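Visitor: In the order they appear, the protein sequences are chains A and B.
Residue numbering for the first sequence follows the working numbering, beginning at 392 and increasing consecutively.
Residue numbering for the second sequence follows the working numbering, beginning at 14 and increasing consecutively.
Virtual Cβ for every residue (Gly too), placed ideally from N, Cα, C.
Please read all numbers here as calculations on a predicted model, not as lab measurements.
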Amino acid sequence: MAGEDQERFEDYLELERYIEELQAGNIAHPPADLTPERARIYQMAALFRSASPEAVDPSPEFIASLHARLLAEKDELDQDTVPRLPSVTLPDQSSPIQKEQEEKQPSITNPPTRVTRRARFFSRRSLLGGGAVAAASLVVGAGIGAAFEQSNGVSPVATTTATATPYSSSAATTMPIVPSDVAVPHFVANLAEIGDKAVRFTTDTLIGYVILSDGDDGEVPKGEVVAMSASCTHMGCIVQWQDADRNFHCPCHGGIFTEYGKPDKASPIRYLASLPRLETRVKDGKVYVMVPRGASVGNSV
Amino acid sequence: MHTPHERYQQTHLAAQQGTQTSETIDRQWSQKVQEFQSFYQENLTLIYRYIYSKVGNREEAEDMTSQIFMKAVRDVDAERGPHSMQKWLFQVARTTIADYWRAYYRASISSLEELLDAGWEGPFNEEVAIPSEAPNERVQRILEALPPQYREVLTCRFLLNLTIKETASQLGLTEANVKVLQFRALKRAADLEPVVARTSKTP
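#1: Using the C-alpha atoms, what's the distance from B/Val209 back to B/Ile248?
#2: What residue range is occupied by the uninterrupted beta strand (DSSP E) comprising A/Arg591?
#3: Any C-beta of chain B sitting closer than 9 angstroms to the C-beta of A/Ala442?
#4: Count the other C-beta atoms from every protein chain shown that fall within 10 angstroms of the C-beta of B/Ala85, then say buried if there are 16 or more, exposed otherwise.
#5: Does the CB of B/Arg164 have a neighbour CB from chain A at under 9 angstroms?
#6: Quick check: what's the CA-CA separation for B/Ile258 versus A/Ile432?
#7: Evaluate B/Pro136 with the Cβ neighbour count: other Cβ atoms within 10 Å of its Cβ, from every protein chain shown; 16 or more gives buried, anything less gives exposed.
#8: Only counting the same chain, and skipping five residues up and downstream in sequence, which positions put a Cβ closer than 8 angstroms to that of A/Ala446?
#9: Which of the three DSSP states is assigned to B/Asn56 in this structure?
#10: In or out: A/Val573 buried (at least 16 other Cβ within 10 Å) or exposed?
#11: Determine the DSSP secondary structure at A/Phe513, reduced to helix, strand or coil.
#12: Against chain B, with Cβ distances strictly below 9 angstroms, would A/Phe453 count as a contact?
#13: Looking at the C-beta of B/Glu206, does it have a partner C-beta in chain A at a distance below 9 angstroms?
#14: If I follow the unbroken alpha helix (DSSP H) through B/Tyr117, where does it start and stop?
#15: Can you find a CB in chain A that lies within less than 9 angstroms of the CB of B/Ser79?
#16: For A/His625, I'd like the list of residues in its chain whose CB is within less than 8 angstroms of its CB, leaving aside the five on either flank, ordered along the chain.
#17: Does any CB atom of chain A fall closer than 9 angstroms to the CB of B/Pro148?
#18: Whose C-beta lies closer than 7 angstroms to the C-beta of B/Met83 among residues of the same chain, with five residues either side of it excluded?
#19: Can you tell me where the beta strand (DSSP E) with A/Arg637 in it begins and where it stops?
#20: Please report the Cβ distance between A/Pro654 and A/Met619, rounded to the nearest whole angstrom; I am assuming they are in contact, meaning their Cβ atoms lie under 8 angstroms.
#21: In chain A, which residues lie less than 8 angstroms from B/Lys192 when you measure between Cβ atoms?
#22: Looking at A/Val680: is its Cβ nearer than 9 angstroms to the Cβ of A/Val601?
#23: Which same chain residues end up closer than 6 angstroms to B/Arg197 when comparing Cβ atoms and leaving out the 5 residues on each side of it in sequence?
#24: Assign A/Phe592 to one of two classes, buried (16 or more other C-beta atoms within 10 Å of its C-beta) or exposed (fewer than that).
#25: Looking only at its own chain, which residues have a Cβ that is under 6 angstroms from the Cβ of A/Gly614, when we skip the five neighbours before and after it?
#26: Is it the case that the Cβ atoms of B/Ile110 and B/Ile64 are separated by a distance below 9 angstroms?
#27: Under 9 angstroms between C-beta atoms, does B/Asn56 make it to chain A?
#28: Please state the DSSP three-state secondary structure of B/Tyr65.
#29: Within 10 angstroms of the Cβ of A/His577, are there 16 or more other Cβ atoms? Answer buried if so, exposed if not.
#30: Runs of 4 residues minimum, wholly inside the segment 133-213 of chain B: which ones carry the alpha helix (DSSP H) assignment?
#31: Along the chain, which unbroken stretches of the alpha helix (DSSP H) at least 4 residues long are found entirely within the segment 399-461 of chain A?
#32: What are the start and end residues of the beta strand (DSSP E) that includes A/Thr671?
#33: List the residues of chain A that B/Glu179 touches, going by C-beta distances under 8 angstroms, in chain order.
#34: Just grab the DSSP bridge partners of A/Ser620 for me.
#35: Mind the definition here: the segment 145-153 of chain B touches the segment 183-197 of chain B only if three or more C-beta pairs lie below 8 angstroms; say whether that holds.
#36: Quick one: residues in its chain with C-beta nearer than 6 angstroms to the C-beta of B/Ile6, no 5 flanking neighbours on either side, listed in chain order?
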C-alpha cells in the first residue's frame, strides 16, 4: 500500500519490549508520538494479550474490594443528603386491623431513616411515594390541633403528636406528660357518666380518653379515673376505642392498647410505649383533665 | 367553609397518601440491593474485559474499572433500567479509554475515534451502543482471517504465551525473524479488523 511507514529496526525492538512487558503482567505503554498506523499495532497487541488464558477475568480480591468500596461510597453519599428527620413511614391504605395475625410484624426497630434528596444509584426516596414525605407525616399531628383551633396563629403543643418517635415517648406509664406550669383543667364529663367504656375528649392541644379503673391493672385503684392521650405512640394517629374487645386500636398501623393505654400483646406493632397518662382532677362530681393551655383558653397569641 | 372535622379528615388523609409501611420499604430496599449485586456482578466482568482489551494489563484494567464504577455510584440516575445502565457504563468506559490514549498514545483525535469505534456496531454509529461481541471473539475472527504464518506467530506469542525463543523454535525461524513477523502480523490484524467486524455481525 502506498504511503506506509518505513519499517525500521527500532520498531521491532520497541514492539518486542512492549509484548514482553505485557507477558510479564506489568503495566506497559507504547512509545510516545506514534503515527496512527503504529498506534493501531500496539492496540492489537493489547487486544491479543487480552485473549491470553492468563488475562481472563478480574481477580476475586479485586471484585470483593471494589464491591465494598462501592457500598461504602454509596452509604456515604446517602448520609450527605439526609435531612435528619425522624422515621417517616406513612400508613398504607388497607385497614391494618384486618391483617392476619401471622403476618410478619412490621419492623420499627430498623426504620428507614434515610430520605435522600436526589435519586442516586438507587435510594429509598425512589421507594417512598412523592415528595414532602416528611412534611406529610407531621401534618397528622399538626392537622389535629389546627382543625380544632378556635383562633389563628397558635400552634398545638407537640406533646404526643407525630414528632414523638416511639422510643422517645415516655417509658413510664404513669408519668404525666403535661408540665404543671402549662396545664389547665379541662372539663371532660361528670364522674357518673364515666364507666368501663372510654370517653373521648378533645381540646385545642390534646385528644384523649378517660375511663374508670376497675382495679385490674394493679396500678390505679378501683374507681379512679384514668386519663390518657389518644395519640398512638407509634406515629401519632388517634386511637379508636372498640367496645368489642375493650381496647384502643390505631387505624394507621394496627397498634393495640388496653383500656388503660398499655400496649396489648395482640398488637402487630411491637415495642409500643404506653399511651401517656394525663392528670385528672375530680371536683364536685365533675372530671377534669389537665391539658396545656390552648388558644381558646384566655391567652394572647 | 370546612368544618373542623372535615379539615381534620383532609389533613389526616393527606398524610395517608403515597405510601408504604416501613416493612414494604425494607423489603424493596433489599430487593434493590439484590439488583445492585447482580448488576455489579454482570457488568463488572464485561467492563473489566473491555478495558483490559484496550490496556493489556491487569493493574490499569483494575484502576480504570474502579474509576468507572465509582462514577456510576455517584452519578448514575437511579431510575434507569439495567440495559440503559449498561450503555451508560460503556459510554463512561469509552471516555476513560480515550483519556488514557490521549495521555499515552498522543494520537490525533480522529484516529482515537476510529480506534474506539472498532468493536462497536459500526464505525459511524451516532448512538453509542454496547460492543456487539466480546474481545475474545474479535480476536478469534481476526485470527481466522489472517494468513497462516501471521496466525501462527500471534497464536504462539499471545495465546500460548511463548517467549521469542520458544516461538522461534516452534516455527523454525530465527529470533530476529520472529520479531519482524509479529510486527507485520499485528499490522495486518489492525488492517483486517474493521473489515472483519463489519462483515460478520453477531445474530
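Guide: Reading it off the structure:
#1: The question about residue 248 of chain B has no answer here: the residues shown for chain B are numbered 14 through 216.
#2: Val590 to Thr593
#3: yes
#4: buried
#5: No - not a single Cβ of chain A is within 9 angstroms of the one on B/Arg164.
#6: The structure shown does not extend to residue 258 of chain B, since chain B spans only 14 to 216, so no value can be given for it.
#7: Only weak support is given to the placement of B/Pro136: the predicted model assigns it a pLDDT of 41, under 50, and the value that follows is read from those uncertain coordinates. Flag for B/Pro136 reads exposed.
#8: Apart from sequence neighbours up to five positions away, the residues of its chain that approach A/Ala446 with a beta-carbon distance below 8 angstroms are Arg440, ordered along the chain.
#9: helix
#10: Classification for A/Val573: exposed.
#11: Residue confidence for A/Phe513 is low, a pLDDT of 49 falling below 50, so the modelled location carries little weight; the figure read from the coordinates is stated next. Note: A/Phe513 maps to coil in three-state DSSP.
#12: yes
#13: Yes - at least one Cβ of chain A is within 9 angstroms of the one on B/Glu206.
#14: Pro95 to Tyr117
#15: yes
#16: Ile499, Pro557, Cys641, Cys643, His644, Gly646, Ile660 and Leu663
#17: yes
#18: none
#19: Looking at the DSSP string, A/Arg637 is not in any beta strand (DSSP E), and its letter there is neither H nor E.
#20: The beta-carbon distance between A/Pro654 and A/Met619, rounded to whole angstroms, is 12 angstroms. This is too long to meet the 8 angstroms contact definition.
#21: Neighbourhood of B/Lys192 in chain A, by CB distance below 8 angstroms: Tyr403, Leu404, Leu406 and Glu407, in chain order.
#22: yes
#23: none
#24: buried
#25: none
#26: yes
#27: B/Asn56 does not count as touching chain A.
#28: helix
#29: buried
#30: 148-158, 161-167, 177-184 and 188-212
#31: 400-414 and 427-440
#32: Thr671 to Lys674
#33: By Cβ distance, chain A contributes nothing, its closest Cβ being about 11 angstroms from B/Glu179, past 8 angstroms.
#34: According to DSSP, which records beta bridges pairwise, A/Ser620 is partnered with A/Gly599.
#35: Taking one beta carbon from each stretch, the segment 145-153 of chain B and the segment 183-197 of chain B have fewer than 3 pairs nearer than 8 angstroms; the two do not touch.
#36: No answer is possible for residue 6 of chain B: the residues shown for chain B start at 14 and end at 216.
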